[in-house]
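>
Numbering (full-length UniProt numbering), first residue to last: 1 to 596.
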């Protein structure tokens with residue numbers, strides 16, 4: 001490896017130039033000249049001469065020129081004279097650096113460490129180094145020694161040292177230098193002795209150390225440019241689709257959430273796509289952390305408004321849910337802020353980027369977490385998301401048959417299914433070492449896009465399609481159509497109330513007789529079969545439980561049709577008005593989820 005590096009370094013145009021790039025004209029010219037020399041003089045055996053044979057010839061004088069390590073006096077035949085290696089131009093040379101490393105063990109006592117430090121200080125002192133240079137036993141790297149014309153330069157060729165142009169082996173170019181060195185030499189030999197194409201050999205050598213990534217520059221990568229274009233177009237379309245929230249003719253299709261909550265949900269999908277965009281380009285620890293933050297925050301933004309809606313649509317009055325409903329903006333802002341703070345803990349975690357070595361392929365970098373503290377922030381955010389999704393799934397089960405949100409519930413569940421599958425794929429891809437960096441990047445990008453689009457379509461986008469493809473979607477047309485349906489549905493609603501009473505009564509009886517079921521489980525099952533939200537108005541505190549139950553299931557004595565409808569279920573949302581003797585200002589009246 002040293003011989004090849006010395007030769008390439010000697011083909012610079014000036015002393016100030018660094019090591020020529022593997023694809024530079026200097027490298028190509030140097031290798032072609034070496035190939036020509038080997039072909040004309042048949043020097044294959046000399047080019048691969050091992051160190052033992054070289055040292056033997058250096059001692060017996062059986063060579064005209066020999067390139068070998070710098071040796072002390074008495075180690076070689078005195079007929080030879082040391083000189084710097086020749087280069088492409090006069091004054092240009094190259095000499096590979098090698099030597100021994102000395103260190104102090106961290107497992108010895110403090111007293112021994114101090115003693116070892118004194119020894120190292122002595123061995124590396126100017127006086128000791130000068131002593132061994134004069135004796136001819138070593139070459140010191142302390143350059144000031146060779147300025148001593150009186151004692152050193154009289155016995156040592158100081159000009160030789162001063163004119164030597166050192167080059168070190170690329171020991172840090174990969175995490176496995178031994179493998180890199182072996183492959184590098186093998187590829188050079190394939191060109192010199194086996195007539196391999198120089199362009200093919202250069203490509204193989206380049207792949208040994210080059211880190212590949214998908215660039216967003218069209219000149220460098222068409223794949224990256226296409227991915228960025230697709231992601232930007234999707235983000236723009238998602239953001240522009242929010243304009244439907246502000247058209248009066250479409251407002252009924254978005255009654256499920258307040259406008260600002262729809263914006264939060266759509267922004268969640270945009271954040272997820274942005275996390276993929278951040279990944280493109282050259283890898284860095286900052287990018288790894290930002291990608292993680294955008295992805296996790298995006299998932300949370302997509303589903304927090306859904307959790308809020310399901311809470312306020314709970315079939316019975318829950319004081320906590322009532323409070324959340326009255327302070328929805330504060331609750332939403334608090335949850336998002338807390339989650340962002342938790343996500344930013346990744347900035348203090350010991351993350352790193354690791355190069356994936358691909359045999360005869362294109363190496364690439366990937367993000368990794370180091371130890372427990374590397375995974376800890378991700379465990380917290382994953383726990384938060386798991387808790388949120390668990391609550392949503394439980395509430396979906398509870399509210400599964402409620403008619404006013406019947407279709408909304410099912411679309412939300414579809415979003416959760418696809419989100420779960422996409423997340424599993426993304427997690428699997430983060431642990432699998434795919435050898436093709438382009439395939440690896442495309443799979444991650446596509447998975448993120450599918451996750452974002454599935455959330456968007458099942459939570460928001462389908463409402464736009466519903467609104468655009470509905471006929472007679474004016475307010476009056478919808479009102480007239482739904483009012484005509486009211487009379488036919490009125491009997492059905494009453495029948496549903498009676499059936500609900502029967503089911504609940506049967507379940508209550510079964511609950512009393514079957515001791516194996518817990519109260520919580522039975523309540524969840526009872527809620528699951530309800531088709532409407534509890535519209536009960538509290539009677540006096542002295543009312544008996546039986547009369548309360550009877551009142552709970554009794555259809556309202558009067559009702560009024562409002563212009564607030566749930567069009568997605570094609571059934572009118574009826575705002576029931578209490579009887580005349582009911583105190584509508586009573587604090588016990590539970591405001592329902594409709595049109596919230």
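Quick reminder that beta carbons are idealized off the backbone N, C-alpha and C, glycines included.
Since residue 95 contacts residue 84 with CB under 8 Å, what's their CB separation in whole angstroms?
Rounded, the Cβ-Cβ distance is 7 Å, consistent with contact.
> Contact defined as beta carbons within less than 8 Å: I believe residue 245 pairs with residue 254. What is the distance between those atoms, to the nearest angstrom?
Their Cβ separation, rounded to whole angstroms, is 6 Å, which keeps residue 245 and residue 254 in contact under 8 Å.
> Hey, out of 358, 237, 335, 344, whose CA is closest to residue 286's CA?
The residue with the shortest Cα to Cα distance from residue 286 is 344.
> Please state whether DSSP places residue 615 in a helix, a strand or coil.
In the structure as shown, the chain begins at 1 and stops at 596. Residue 615 is therefore absent and cannot be evaluated.
> Would residue 238 pass as a contact of residue 211 if the rule is Cβ separation under 8 Å?
No. Outside cutoff.
> Can you pull the DSSP bridge partners for residue 355?
In DSSP, residue 355 forms a bridge with 365.
> Quick one: using the 10 Å Cβ neighbour count with 16 as the cut-off for buried, is residue 229 buried or exposed?
Counting Cβ neighbours within 10 Å, residue 229 comes out exposed, since fewer than 16 surround it.
> Identify every run of the beta strand (DSSP E) within the region 62 to 129, keeping only runs that are complete inside it and at least 3 residues long; order them along the chain.
Qualifying beta strand (DSSP E) stretches, in chain order: 95 to 97.
> Check whether the region 263 to 283 touches the region 321 to 330, taking contact to mean three or more Cβ pairs, one atom from each stretch, closer than 8 Å.
Taking 8 Å as the limit for Cβ pairs, the verdict is that the region 321 to 330 does not touch the region 263 to 283.
> Can you list, in chain order, the residues of its chain with a C-beta nearer than 7 Å to that of residue 597? Leave out the 5 residues immediately preceding and following it.
Residue 597 falls outside the range modelled here, since the chain spans only 1 to 596, and no answer is possible.
> Whole-angstrom Cβ separation of residue 411 and residue 456, contact assumed at under 8 Å?
Their Cβ separation, rounded to whole angstroms, is 12 Å, which puts residue 411 and residue 456 out of contact at 8 Å.
> By a C-beta neighbour count over all protein chains shown, 10 Å radius and 16 as the cutoff for buried, is residue 231 buried or exposed?
Residue 231 comes out buried.
> How many Å lie between residue 383 and residue 397 at the Cα?
Residue 383 and residue 397: Cα-Cα distance of roughly 21 Å.
> Please classify residue 276 as buried or exposed, where buried requires at least 16 other C-beta atoms within 10 Å of its C-beta.
Result: buried.
> Over the uninterrupted alpha helix (DSSP H) stretch that includes residue 167, give me the two end residues.
It is not in any alpha helix (DSSP H) - residue 167 instead sits in the beta strand (DSSP E) that spans 166 to 168.
> Rank 464, 140, 136 by C-alpha distance to the C-alpha of residue 123 and give the top, closest one.
For the residues 464, 140, 136, the minimum Cα distance to residue 123 belongs to 140.
> Between the C-alpha atoms of residue 432 and residue 218, what's the straight-line distance to the nearest angstrom?
Approximately 28 Å between the Cα atoms of the pair.
> Give me the Cβ distance between residue 336 and residue 307, rounded to the nearest whole Å; I'm assuming they're in contact under 8 Å.
With a Cβ gap of about 12 Å, residue 336 and residue 307 do not count as contacting.
> When you compare the CB positions of residue 92 and residue 12, do they come within less than 8 Å of one another, or not?
Result yes, Cβ atoms of residue 92 and residue 12 sit closer than 8 Å.
> Answer with buried or exposed for residue 5, where buried requires no fewer than 16 other C-beta atoms within 10 angstroms of its C-beta.
Its Cβ being crowded by 16 or more others within 10 Å, residue 5 is buried.
> Compare the Cα-Cα distances from residue 89 to each of 368, 77, 104, 7 and report the closest residue.
The shortest C-alpha separation from residue 89 is found at 7.
> At the level of alpha carbons, what is the spacing between residue 171 and residue 420?
Cα to Cα, the separation comes out at about 44 Å.
> Using the Cβ count rule (16 or more neighbours within 10 Å means buried), how would you classify residue 454?
Buried, since its Cβ has 16 or more Cβ neighbours within 10 Å.
> Expressed to the nearest angstrom, what Euclidean distance is found between the alpha-carbon atoms of residue 44 and residue 196?
Those two C-alpha atoms are separated by around 15 Å.
> For residue 261, name the three-state secondary structure that DSSP assigns.
In this structure, residue 261 counts as helix in the three-state DSSP scheme.
> Using the rule of at least 16 other Cβ atoms within 10 Å of the residue's Cβ for burial, across every protein chain shown, is residue 154 buried or exposed?
Flag for residue 154 reads exposed.
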